[in-house]
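Residue numbers (the working numbering), protein chains in the order written: chain A, 7 to 144; chain B, -15 to 96.
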């Protein structure tokens, strides 16, 4: 398991390789890449600003991954999330799930991404050309 | 610590997101009365230190009905969907604070 709440994400290719080597039982690696969208309604987004309670965020993500291991039997997972300023088109978050088969990988991946939005102490301010908005996943 | 015969304790606060922006600080230290609860910190100590934004602070954190702040039966206010974490664990407003506690006050999350 690898978890990172950081200014700069690792290279996605190296994360895939690292995960691939963690077990010979792996038959599927499913991946989610979150990207900064350039619009908010009719407004043009300039950047997103992220901040986190880093230790609690890592602890919560570890708990989420462990629960997915029990629920879907996934082999392992990697989650990295940016902090600081992220501009349009840049990657925000990587979630990678290694599993024996694709089905449990898809299910676990979807659940991990959803739970990160609602359970992990990370905050986001969307800066548009007009204004700034704190985004609340409620 | 004792001041005029009243026992005092020292606690640290951490703010995130819109609360950090509202107060203009990430961390603070408060010397408060021994026996004070989380609710006292949020309702009295923090807004009294930040008088210029105290009204917005209270309106941001606590639920109101027709302009009145809602209260539980025991008199504690009712938080909106904000979280208070003391030393890494979820806390209730009625919980008493202890010397050295670190209190993180968290708006709704917005990751991803």
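Think of the CB as a built atom: it goes at the ideal place given N, C-alpha and C, for glycine as much as any other residue. Note that the structure is predicted; figures quoted are calculated from it, not measured.
Practice item. Report the neighbours of residue 143 of chain A on chain B: residues whose CB is nearer than 8 Å to its CB, in chain order. Key: Close partners of residue 143 of chain A in chain B (Cβ separation under 8 Å): 92, 93, 94, 95, 96.
Review point. What separation, rounded to the nearest whole angstrom, lies between the Cα atoms of residue 22 of chain B and residue 96 of chain B?
Key: Rounded to whole angstroms, residue 22 of chain B to residue 96 of chain B spans 30 Å at the Cα level.
Point to revise | Touch test, the stretch 108 to 122 of chain A against the stretch 69 to 89 of chain B, Cβ-Cβ under 8 Å, three pairs minimum | key: The stretch 108 to 122 of chain A makes no contact with the stretch 69 to 89 of chain B; the number of CB pairs closer than 8 Å stays below 3.
Check your understanding: By Cβ distance below 8 Å, which residues in the same chain neighbour residue 106 of chain A in space, the five residues on each side in sequence not counted?
Key -> Excluding sequence neighbours, residue 106 of chain A sits near 31, 32, 33, 34, 79, 81.
Review point. Buried or exposed: where does residue 137 of chain A fall if 16 or more other Cβ atoms within 10 Å of its Cβ makes it buried?
Key: Result: exposed.
Exercise for review: Could you please tell me which residues of the stretch 28 to 48 of chain A, in chain order, have their CB closer than 7 Å to any CB of chain D?
Suggested key: Structure shown: chain D not included; protein chains present are A and B.
Review point. Going along chain A in order, which residues have a C-beta closer than 8 Å to the C-beta of residue 71 of chain B?
Key: Within 8 Å Cβ-Cβ: nothing; residue 71 of chain B doesn't reach chain A, min ~11 Å.
**Study point:** residue 112 of chain A: first and last residue of the uninterrupted alpha helix (DSSP H) it sits in
**Key:** Run containing residue 112 of chain A: 108 to 125, per the alpha helix (DSSP H) assignment.
Check your understanding: Can you list, in chain order, the residues of its chain whose CB lies under 8 Å from that of residue 95 of chain A, leaving out five sequence neighbours each side?
Key -> A distance below 8 Å between beta-carbons, with the five flanking residues on each side excluded, links residue 95 of chain A to the following residues of its chain, in chain order: 41, 42, 44.
Exercise for review: May I ask you to report which of helix, strand or coil DSSP gives residue 88 of chain B?
Suggested key: Residue 88 of chain B sits in a strand when the DSSP states are folded into three classes.
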